[in-house]
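With positions in the sequence shown counted from 1, the corresponding number in the working numbering is that position plus 92.
Cβ atoms here follow ideal geometry from the backbone N, Cα and C, with glycine treated the same way.
For reference, the structure is listed below as structure tokens.
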Amino acid sequence: MAEVEIKRENLVYEKPRLITDNVMHYCPGCSHGTVHKLVAEVIDEMGLENSTVAVSPVGCSVFAYNYIDVDWVEAAHGRACAVATALKRLHPETMVFTYQGDGDLSAIGTAETIHAAARGENIVTIFINNAIYGMTGGQMSPTTLLGMKTATTPYGRNAKLNGFPYKIADMMTHLDGATYITRQSVHTPANVRKCKKAIRKAFENAMAGNGYSLVEVVATCNSGWKLSPVAANKWMEENLIPAYPLGDIKCTELPK
């Protein structure tokens with residue numbers, strides 16, 4: 093027994109308790125797995141294992157229910173915040189969060205997301221922004237950068253034809269019901285720590301009844317971008333992060 097305790101004291105890293113043993117389907121280098129780990133750790137550390145309900149809609153994020161061992165509800169494409177609203181209102185003591193990609197949240201789910209934030213629903217949205225539709229073939233998403241090549245913009249996104257990319261997190265700052273909005277990444281150890289801290293802060297904000305929280309994670313899709321994992325990280329640092337700067341965007345309290 094003493095030998096086991098000594099080994100535990102020297103333990104530097106271990107698999108999060110709430111991450112299942114299922115083999116992850118994500119492409120090597122994908123940011124989803126790291127974010128899953130952080131979410132699982134935060135839920136465990138806050139003691140919310142038996143009082144969390146998560147909502148996953150459509151896209152690469154849909155299979156999150158295979159990997160994080162809490163209760164899950166699957167929503168139709170883009171409707172995660174609407175489903176989460178119902179869950180939280182029916183069970184206000186429950187931690188409710190959605191896990192969504194940029195194609196889901198900022199395209200077909202724009203209305204549901206914005207109105208949940210405007211109402212100040214006490215839920216959290218984890219928003220994975222890799223500026224492309226990963227699951228369905230690498231098409232342009234609302235957050236695709238100008239000049240960025242995708243399956244539907246093979247010559248690069250053209251503003252006259254495709255419109256401009258928009259920063260949905262920045263756009264939501266004027267909503268009184270959105271009280272914590274942050275943009276993070278997980279491409280370095282330091283950024284992983286910052287992202288975990290942000291997720292924890294968002295969860296605490298929701299459980300305190302202080303309105304809607306959005307944690308945007310600027311992420312890689314090396315498969316959709318047609319880059320190696322290392323090259324994808326470099327491309328993200330040089331292109332995506334300058335367009336979507338990291339850090340807290342809004343941190344306030346609900347109006348009285």
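CB of residue i within 8 Å of CB of residue j, strictly
i      : j      : result
Phe134 : Phe295 : Looking at the sequence shown, residue 134 is not Phe but Val. In this structure, Phe295 lies closer than 8 Å to Val134 by Cβ.
Thr236 : Thr245 : yes
Ser123 : Val322 : no
Val307 : Thr274 : yes
Asp194 : Asn158 : no
Tyr191 : Ile218 : yes
Ala261 : Gly121 : no
Met240 : Arg249 : yes
Identity of the residue in the options nearest residue i by Cα
i      : options                        : result
Val127 : Pro184, Thr280, Asn302         : Thr280
Cys119 : Thr344, Thr312, Lys326, Asn331 : Thr312
Trp164 : Ser143, Tyr258, Gly212         : Ser143
Asn184 : Gly170, His207, Trp317, Val145 : Residue identity check: residue 184 is Pro in the sequence provided, not Asn. Answer by Cα proximity: Val145.
Lys259 : Leu179, Pro334, Glu166         : Pro334
His117 : Gly151, Leu346, Asn297         : Gly151
His169 : Ala178, Met187, Pro149, Ala156 : Pro149
Ile200 : Tyr105, Ala172, Thr177         : Ala172
Leu338 : Met299, Lys326, Lys286         : Lys286
Gln276 : Met299, Ala156, Tyr336         : Tyr336
Pro347 : Gly212, Glu166, Met240, Ile206 : Gly212
Asp340 : Glu329, Ala298, Lys289         : Lys289
Gly269 : Pro257, Ala251, Asn297         : Asn297
Beta-carbon contacts of residue i that lie in its chain and below 7 Å, excluding the five residues immediately before and after
i      : result
Met93  : Because Met93 sits at a pLDDT of 47, beneath the cut-off of 50, its placement in the model cannot be relied upon, and the point is left open.
Gly301 : Asn214
Val131 : Ile160, Ile218, Ile291
Glu141 : Leu110, Ile135, Val162
Thr112 : Asn158, Tyr159, Asp161
Glu345 : Thr271, Asn302
Asn331 : Leu237
Asn254 : Met232, Thr245
Leu299 : For the record, residue 299 in the displayed sequence is Met; it is not Leu. Here the set comprises Met187.
Ala251 : Leu238
Asn102 : none
Whole-Å CB distance - residue i paired with residue j, under 8 Å assumed
i      : j      : result
Thr271 : Ser305 : 7 Å
Ile224 : Ser233 : 6 Å
Thr177 : Ala208 : 5 Å
Thr205 : Leu197 : 5 Å
Val188 : Ala167 : About 12 Å; that fails the 8 Å criterion.
Sequence-distant residues of its chain with Cβ nearer than 6 Å to residue i (five each side left out)
i      : result
Lys326 : none
Gly229 : Ala243
Gly226 : Cys152, Cys313, Gly316
Lys342 : Thr265, Ile273
Ala174 : Glu204
Ala156 : Ser148, Tyr191
Residues near residue i by beta carbon distance below 8 Å, same chain, minus five either side
i      : result
Glu137 : Arg292
Val278 : Ser123, Thr126, Val127, Leu130, Val284, Cys287, Val309, Ala311
Tyr247 : Lys241
Pro257 : Ala223, Pro234, Thr235, Thr236, Leu237, Leu238, Arg249, Ala335
Pro108 : Lys129, Ala132, Glu133, Asp136
### Query
Unbroken alpha helix (DSSP H) runs of length 4 or more, entirely within the region 128 to 206: which are they?
Runs of the alpha helix (DSSP H) inside the region 128 to 206: 172 to 182.
### Task
Can you check the region 297 to 331 for any alpha helix (DSSP H) of at least 4 residues that lies completely inside it and give the ranges in chain order?
For the region 297 to 331, whole alpha helix (DSSP H) runs of length 4 or above, ordered along the chain, are 314 to 317, 321 to 327.
### Runs of alpha helix (DSSP H) lying entirely within the region 202 to 279, each at least 4 residues, in chain order
Within the region 202 to 279, the complete alpha helix (DSSP H) segments at least 4 residues long are 202 to 211, 251 to 254, 260 to 263, listed from N- to C-terminus.
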